[in-house]
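Just so you know, the sequences run in chain order S and A. The first sequence begins at 1 in the working numbering and counts up one residue at a time. The second sequence begins at 1001 in the working numbering and counts up one residue at a time. All residues carry an ideal CB built from backbone N, CA and C; glycine is no exception. For reference, the structure discussed in these notes is given below.
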Amino acid sequence: MSETAPQTGSSHLAHMLFAAIKRLGSSALPFVVVILIWQFASLFFPRFLFPSLIDVFWRCLEIFSSGTMFADVLATILRIMAGLAGAFIVGGGLALLMVRSRAVDRFLSPILTLFQGIPALSWVVFAIIWFHGIEFRIFFIMVMTTLPAFTFQVLGALRGMSKDLMEMVFSFRPTRAKLFRVMIAPAILPDILTAWKVNLGNASRVVVVAELVGATGGVGYQLLQQQQLFDMAGALAWTLQLVFFVLIVQGALTLIEHTVFRYRAVSERAI
Amino acid sequence: MKEGVTPPEVAIHLDHVSKVFVTAGSEGAYRAVDGLNLDVRPGQMLALLGKTGCGKSTIFNMIAGLTEPSSGTVRVSGRDPFADFDSFRGKIAIVFQNDRLLPWRSAIANVELGLEMLEIPTAERQATAQSWLTKLGLGGHENDFPHALSGGMRQRVSIARAFATNANILLCDEPFSALDESTAGRLRAEFVRLVKENNKTAVFITHSISEALEIGDRIVVLKRPAMIAYDVSFDSGTGQQERELIRSRIGDVLAA
Chain S
1 MSETAPQTGS SHLAHMLFAA IKRLGSSALP FVVVILIWQF ASLFFPRFLF PSLIDVFWRC
61 LEIFSSGTMF ADVLATILRI MAGLAGAFIV GGGLALLMVR SRAVDRFLSP ILTLFQGIPA
121 LSWVVFAIIW FHGIEFRIFF IMVMTTLPAF TFQVLGALRG MSKDLMEMVF SFRPTRAKLF
181 RVMIAPAILP DILTAWKVNL GNASRVVVVA ELVGATGGVG YQLLQQQQLF DMAGALAWTL
241 QLVFFVLIVQ GALTLIEHTV FRYRAVSERA I
Chain A
1001 MKEGVTPPEV AIHLDHVSKV FVTAGSEGAY RAVDGLNLDV RPGQMLALLG KTGCGKSTIF
1061 NMIAGLTEPS SGTVRVSGRD PFADFDSFRG KIAIVFQNDR LLPWRSAIAN VELGLEMLEI
1121 PTAERQATAQ SWLTKLGLGG HENDFPHALS GGMRQRVSIA RAFATNANIL LCDEPFSALD
1181 ESTAGRLRAE FVRLVKENNK TAVFITHSIS EALEIGDRIV VLKRPAMIAY DVSFDSGTGQ
1241 QERELIRSRI GDVLAA
């Protein structure tokens, strides 16, 4: 005999709703605390140091609603995505070559490690000296700063593929294209998505540096204008545009992960 | 490439086959197979029996075309399975020791894998995969991912995957060794029935004498490095007393 009465439909719904609110509350709490501290500081400091977040909100709204200002945001987003796509394509190709040939691996690994040690700002200087076109300069900087990470992450994913599964697929004598479609692509996809998530954050920081120095538009350029005007509310509003973008793309990538990787077993006990 | 003459009416032919692995250590080379001669007739169920490390899996990989022999000739249906790798598409199927299911594919999609390589149209592919899953008692689990299936169910999916391509030659590397005896016994009986019904040539690797006696109509006992120490054929008419004699003889050979 059961000692507890079965939950009714409405109480179960209420329980789920409460759990969802609790989850939302716990993830929003850190942001709420930071906002409150900032807003509190704005009461005691001058506007150019800690502007009211209400001002920042109106500035954000102005950027969203103004065609020319939002075009700057879009330009920066396009630069980030183009740079990441370029680095991913080149890095993926290099990783394939490295995994196929030990000689290529021995040759390229030290070069990529060397690239990893070069600061983003140095690439900005090199690009200004070497190239004329603004867009190509920024694309070059974005690719060079994210290329090593993409290459090493794809390389690691390729090397980490299960030998047993690979041998099983080989036993069916697949063509190269089929091997890639049925085995390699699904096996490395989780690492590729992680690589995109990591590099997205890096790229959003680098693009601002690149635009600060070499561009005539974009979020970085606008940040430079705000610095010259000593307009902290403007600087925050433009920074938030990039933050929103990163959060939206990260959210989309997480959604893709939840959908594509539903085959994964989930342990009831957390790590 | 060394050309060998394959005797007629031979599905698998190994002629003076050796395999030497170059090791990284100071020992230099490890001889896994040494001058092995072996013929398997079409429709025969050969059980390859031997202790761990005697070279069974190396022979298996050479017949499958996954490993190249260092010397000698391997022929499957008259062709070199390593050099003519692609020509064996759909002709050799393998059941591995562990299920090796692709975790991102459902049970039915795993069974369809070999059929995809053969460019079978989707509808036909799905019908074939569905039919094999049903035959193996997995109806209703078509859309389950491997993590949601038990070990026995996963191994049944892998057997369905091997049979679905309708390959003439089946290679099995201790496919039931990771299962409990009751499940393994059921699957073994099912496997033998399917092989006989579909008239396949099968090479079955095992280290269990009982399993070899249950599965094979021929047992080859290997000694390290893979050389034939005992070779015996029998059929369903072979009596229990004679089987016990074979078991005893195999035991002696393995213990020697």
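Item                                                                                                                                     : Value
Proximity test, Cβ basis, 8 Å: residue 232 of chain S and chain A                                                                        : no
Minimum Cβ-Cβ distance from residue 1005 of chain A to chain S less than 8 Å                                                             : Confidence in residue 1005 of chain A is poor, its pLDDT being 49 and thus under 50, which makes the residue's placement unreliable; the coordinate value appears in the next sentence. Residue 1005 of chain A does not count as touching chain S.
Whole runs of the alpha helix (DSSP H) within the stretch 1208 to 1241 of chain A, excluding any shorter than 4 residues                 : 1209 to 1215
Neighbour-count burial assignment, residue 1250 of chain A, 16 or more Cβ in a 10 Å radius                                               : buried
Cβ shell of residue 182 of chain S (< 8 Å), same chain only, five flanking positions each side left out                                  : 169, 174
Members of the stretch 1042 to 1055 of chain A that neighbour chain S once the beta carbon cut-off is set at 7 Å                         : none
Reference residue 139 of chain S; option with closest CA among S:237, S:206, S:159                                                       : S:206
Between the CA atoms of residue 24 of chain S and residue 11 of chain S - distance to the nearest angstrom                               : 20 Å
Residue-level contact to chain A via CB, residue 3 of chain S, 8 Å cutoff                                                                : Caution applies to residue 3 of chain S, whose pLDDT of 45 falls short of 50 and renders its modelled position unreliable; the value that the coordinates give is listed next. By this cut-off, residue 3 of chain S is not an interface position.
Whole-number beta carbon distance between residue 234 of chain S and residue 47 of chain S, since they are thought to touch under 8 Å    : Contact flag wrong, Cβ pair sits at about 11 Å.
Identity of the residue in A:1126, A:1144, A:1156 nearest residue 1135 of chain A by Cα                                                  : A:1156
Chain-ordered neighbours of residue 1147 of chain A on chain S, where CB pairs are closer than 8 Å                                       : 263, 264, 265
Touching by the beta-carbon criterion (3+ pairs, under 8 Å), the stretch 1072 to 1087 of chain A and the stretch 1141 to 1159 of chain A : no
Per-residue DSSP class, three states only, for residue 161 of chain S                                                                    : coil
Contact under 8 Å by Cβ, residue 1101 of chain A with residue 1042 of chain A                                                            : no
Helix, strand or coil at residue 15 of chain S according to DSSP, with G and I counted as helix                                          : helix
Opposing strand residues paired with residue 37 of chain S [DSSP bridges]                                                                : DSSP output for residue 37 of chain S lists no bridge partner at all.
Beta strand (DSSP E) runs wholly inside the stretch 1069 to 1132 of chain A, at least 3 long, in chain order                             : 1071 to 1076, 1092 to 1095
Closest residue to residue 149 of chain S among S:86, S:27, S:171 (Cα-Cα distance)                                                       : S:86
DSSP beta-bridge partners of residue 1018 of chain A                                                                                     : A:1071
Close-in-space but distant-in-sequence residues of the same chain around residue 135 of chain S (CB under 8 Å, 5 per side omitted)       : 79
Residue 1055 of chain A beta carbon less than 8 Å from that of residue 1225 of chain A                                                   : yes
For residue 1143 of chain A, three-class secondary structure by DSSP                                                                     : coil
DSSP state of residue 1052 of chain A mapped onto helix, strand, coil                                                                    : coil
Inter-stretch contact at 8 Å, needing at least 3 Cβ pairs: the stretch 225 to 234 of chain S / the stretch 51 to 67 of chain S           : yes
CB contact below 8 Å: residue 192 of chain S versus chain A                                                                              : no
contact_flag[the stretch 251 to 269 of chain S, the stretch 96 to 105 of chain S] where n(CB pairs < 8 Å) is 3 or more                   : no
Same chain, Cβ closer than 7 Å to residue 1111 of chain A, neighbours up to 5 away in sequence not counted                               : 1129, 1132, 1133, 1157, 1160, 1161, 1164
Per-residue contacts from residue 197 of chain S into chain A (C-beta, under 9 Å)                                                        : Result: empty, since nearest Cβ-Cβ is about 19 Å, beyond 9 Å.
Minimum C-alpha distance to residue 1067 of chain A - residue among A:1023, A:1038, A:1019                                               : A:1019
6 Å Cβ shell around residue 224 of chain S - same chain, five flanking residues per side excluded                                        : 212
Sufficient close CB pairs (3 or more, under 8 Å) joining the stretch 243 to 261 of chain S to the stretch 106 to 124 of chain S          : no
Pairwise C-alpha distance: residue 1201 of chain A and residue 1168 of chain A                                                           : 6 Å
Where the beta strand (DSSP E) through residue 263 of chain S begins and ends                                                            : Note, residue 263 of chain S: premise wrong, no beta strand (DSSP E); not H, not E.
Close beta carbons around residue 1029 of chain A, own chain, < 8 Å, minus the five adjacent residues each side                          : 1020, 1021, 1022, 1023
Residue 1206 of chain A: first and last residue of the uninterrupted beta strand (DSSP E) it sits in                                     : 1201 to 1206
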